[in-house]
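Residue numbers for the sequence shown follow our numbering, so the first one is 16 and each next one is one higher.
Every residue gets a Cβ at the ideal spot worked out from N, C-alpha and C, and that includes glycine.
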Amino acid sequence: MAGFEVVSALIKKKTTASARKKLFAELLNKADANADGAVSYAEYVDVLDANNIEVDKDELLRLFLRAEKDAKGQVDLVKTRAKTAFETYDVNKDDLVSKAEMSYVSGARLNKAAIERVFAIHDEDLDGYLSRKELYEMMKKSSKQK
Ligand SMILES: [Ca+2]
Ligand SMILES: [Ca+2]
Numbered sequence: 016m017a018g019f020e021v022v023s024a025l026i027k028k029k030t031t032a033s034a035r036k037k038l039f040a041e042l043l044n045k046a047d048a049n050a051d052g053a054v055s056y057a058e059y060v061d062v063l064d065a066n067n068i069e070v071d072k073d074e075l076l077r078l079f080l081r082a083e084k085d086a087k088g089q090v091d092l093v094k095t096r097a098k099t100a101f102e103t104y105d106v107n108k109d110d111l112v113s114k115a116e117m118s119y120v121s122g123a124r125l126n127k128a129a130i131e132r133v134f135a136i137h138d139e140d141l142d143g144y145l146s147r148k149e150l151y152e153m154m155k156k157s158s159k160q161k
């Protein structure tokens with residue numbers, strides 16, 4: 016069973032710190048049975064206990080906190096980027112990004128068809144503008160695809 020192999024690698028500590036971290040993230044995904052993207056430390060320990068798997072709980076907690084911090088760091092990074100992008104695009108500072116503004120700021124990087132496509136996908140309330148939230152959602156999606 017793959018999950019057990021992951022944990023045994025964790026116990027043996029034969030892997031490098033970054034490989035352990037990766038394995039740990041994989042196991043977290045497996046432990047997230049209802050796939051809501053969130054597994055608490057307690058739930059995680061439950062999964063291990065249920066499988067009679069013993070690990071160094073201190074190291075487990077340490078890895079767990081680090082994985083959480085990385086996830087949060089990723090969100091913060093996208094937020095910061097989205098804020099900067101929004102303020103760059105919103106030339107007239109009316110708190111909305113129009114197609115004309117996006118075209119003006121992006122210049123040759125985005126042609127008219129590409130901008131139409133961006134708005135068709137991301138202008139969720141169909142008001143013809145990208146709000147801060149719409150731009151943030153757009154950047155969140157594109158950061159996940161990478
Ligand atoms: Ca504007
Ligand atoms: Ca909109």
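Here the C-alpha atom of glutamate 139 lies approximately 35 Å from the C-alpha atom of phenylalanine 79. Rounded to whole angstroms, the Cβ separation of valine 93 and methionine 154 is 5 Å, and the two are in contact under 8 Å. With contacts defined as CB atoms closer than 9 Å, arginine 132 and alanine 97 fail to qualify as a contacting pair. Two segments are said to touch when three or more pairs of C-beta atoms, one from each, lie closer than 8 Å; by this definition the segment 56 to 64 touches the segment 75 to 89.
Cβ contact annotation for serine 158 (same chain, cutoff 6 Å, sequence separation greater than five): Val93, in chain order.
Rounded to whole angstroms, lysine 108 and alanine 82 show a C-alpha spacing of 37 Å. Cβ-Cβ distances below 8 Å link aspartate 110 to Ser146 and Arg147 in the same chain, with the five nearest sequence neighbours on each side left out; the list follows chain order. Residue nearest to aspartate 105 within the set Thr95, Asp91 and Val120 is Val120 (criterion: CA-CA distance). Residue side-chain check: aspartate 142 places its Cβ nearer than 8 Å to a non-hydrogen atom of ligand 2.
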